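Using our numbering, read the sequence shown as starting at -7 and increasing by one per residue.
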Amino acid sequence: MSLVAEEMWRSQKERIRLEFIEDTLAILMDDWHIPQDNRRQIIDMVKMHVLLIPGDGNYVYRKFEHPEFKNYFISCHFKEILDKGTICLRFLATAQLPDSVAKYMASMLPKEPSYIERIIQNLEEMVNSERRPTYLQTNVGTIIPYLMSDTEFESVVTFDAKVVFSSIVFEHTKIQNVTIRNGQFVNASFLGVEWKNVRFESCEFNEAGFDYDAKITDVMFRDCQFDGIILCKNGEELSRVYSPQLIVDTLADMGFTFYDVKSRSVDPFDESREKKMLIKFLNTFRKRTRVTGNVLNMKFLGGQYNFVTETLIPLAEKYDIIEEIQWEGRRKDRVWQLRIRIEDILKGQEADDKSKLASFWKRMRKIAKKH
-7 MSLVAEEMWR
3 SQKERIRLEF
13 IEDTLAILMD
23 DWHIPQDNRR
33 QIIDMVKMHV
43 LLIPGDGNYV
53 YRKFEHPEFK
63 NYFISCHFKE
73 ILDKGTICLR
83 FLATAQLPDS
93 VAKYMASMLP
103 KEPSYIERII
113 QNLEEMVNSE
123 RRPTYLQTNV
133 GTIIPYLMSD
143 TEFESVVTFD
153 AKVVFSSIVF
163 EHTKIQNVTI
173 RNGQFVNASF
183 LGVEWKNVRF
193 ESCEFNEAGF
203 DYDAKITDVM
213 FRDCQFDGII
223 LCKNGEELSR
233 VYSPQLIVDT
243 LADMGFTFYD
253 VKSRSVDPFD
263 ESREKKMLIK
273 FLNTFRKRTR
283 VTGNVLNMKF
293 LGGQYNFVTE
303 TLIPLAEKYD
313 IIEEIQWEGR
323 RKDRVWQLRI
333 RIEDILKGQE
343 ADDKSKLASF
353 WKRMRKIAKK
363 H
């Protein structure tokens, strides 16, 4: 089955000709010295295998009954070539590797620290030797977290290569004694992680998701850049942070540390009712391009609704953050849309110039102080 999956991966096709399966079987049966009398029966059994079904009703082809069956057998092949240099490189440069292939493959490996460290170093050398961008950089970024997780390194293991870590590959990982350098984290999620003595050096983070429920012990960022972070709890998004200083402050409050960067003392404005109302108001635009008065009435109750409609909306309109547009519905209502991206609005918190955005935030601070 792994040979069938390998051919599908190599050719990037979901189905394979039956004659390829028969030819492969013939070679294997020669290697295994299967008696001639039994070969026909074996071939017929493979043709009727429950995991291989006719491709789109065509009996000349076979495909796996479910994509995850194919991914599992691809991982079996991947495990066999993991330390075979050029063969492994060609495999990883072929196409985007599904997360499940990396996860299945890593689960088959012995989590012996010296063995895993050698595999990690081989992958690092492979990436650093590649002079052109291929799927290799992304695929190695998919594999590395699964290799590191649940491996009890006794001394620090360093992975230093320009790879892309994305999506959920770090979710629920248990990592200790690891340093990652020059990594690019694109929409990476760190939900449910358990990390101890982990370092990120010269890495870039693009809207990475951090979890208040994560278990963090001695995790440090050094010379890293953040375009923004997403804060979550119980798997639900709470807010997004784009201000550089506020990112440092927020992550420091969660237990992370920064080399040669100090967090500020708690800013009362960040905990103010007015700022929380503003963030809640802006978040109503995340799932819709326009927000009506009826939507606001359902999301904000009592005094909250009055603050939004009487103070917040007029202020945001004054500084060209939102604008009211013509309502086209049957029932009488009002409707607003953003004039500035939410990300840019939040980044403006630290602006110290004469822009309208900076003036808006200064005015919000004054309003918060009055209350």
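C-beta atoms are modelled at their ideal positions from N, C-alpha and C, and glycine is treated no differently.
In this text the structure is predicted, and so the values were computed from the model without any measurement.
Looking only at its own chain, which residues have a Cβ that is under 8 Å from the Cβ of residue i, when we skip the five neighbours before and after it?
i, result
"Arg331", "Asp312, Ile313, Ile314, Glu315"
"Glu72", "Ser(-6)"
"Leu270", "Leu304, Met356"
"Gly285", "Thr301, Asp325, Arg326, Val327"
"Gln4", "Thr86, Ala87"
"Asp91", "Thr134, Ser159, Ile160, Val161"
"His363", "Ser264, Arg265, Glu266"
So, with DSSP's three-state summary, where would you put residue i?
i, result
"Thr143", "coil"
"Phe209", "First, the amino acid is wrong: residue 209 is Thr here, not Phe. Strand, per DSSP."
"Gly175", "coil"
"Val287", "helix"
"Ser158", "strand"
"Phe277", "coil"
Does the separation of the CB atoms of residue i and residue j fall below 8 Å?
i, j, result
"Met212", "Thr249", "yes"
"Glu14", "Ile45", "no"
"Val148", "Val170", "yes"
"Glu196", "Phe177", "yes"
"Ala153", "Asn120", "yes"
"Tyr251", "Lys225", "no"
"Phe352", "Leu307", "yes"
"Pro105", "Phe151", "no"
Closer than 7 Å by C-beta to residue i: which residues in its own chain qualify, once you throw out the five before and the five after it? Chain order, please.
i, result
"Leu84", "Tyr127, Leu128, Asn131, Val132"
"Ser141", "Thr165, Lys166, Ile167"
"Glu47", "The sequence as given places Gly at residue 47; Glu does not occur at that position. These residues qualify, in order along the chain: Arg7, Tyr53, Arg54, Lys55."
"Asn179", "Ser158, Ser159, Asn198, Glu199"
"Cys68", "Ser(-6)"
Only counting the same chain, and skipping five residues up and downstream in sequence, which positions put a Cβ closer than 6 Å to that of residue i?
i, result
"Arg334", "Note that residue 334 is Ile in the sequence shown here, rather than Arg. So the list reads Leu274, once near-sequence residues are dropped."
"Leu338", "Tyr234"
"Gly247", "Ile208"
"Val93", "Asn63, Ile66, Ser67"
If you measure from the CB of residue i, is any heavy atom of the ligand MG nearer than 7 Å?
i, result
"Thr242", "No copy of the ligand MG occurs in the structure displayed, which carries no ligand at all."
Counting only runs that start and end within the region 88 to 153, where is the beta strand (DSSP E) found for 3 or more residues in a row? 149 to 152
Enumerate, from N- to C-terminal direction, the unbroken alpha helix (DSSP H) stretches of 4 or more residues contained entirely within the region -5 to 78. 10 to 23, 28 to 39, 59 to 73
Do the region 229 to 240 and the region 296 to 308 touch if we need at least three Cβ pairs shorter than 8 Å? Because the criterion of three Cβ pairs below 8 Å is not met, the region 229 to 240 and the region 296 to 308 do not touch.
For the region 200 to 250, which segments carrying the beta strand (DSSP E) assignment without a break, of at least 3 residues, lie completely within its bounds, in sequence order? 207 to 214, 217 to 225, 228 to 233
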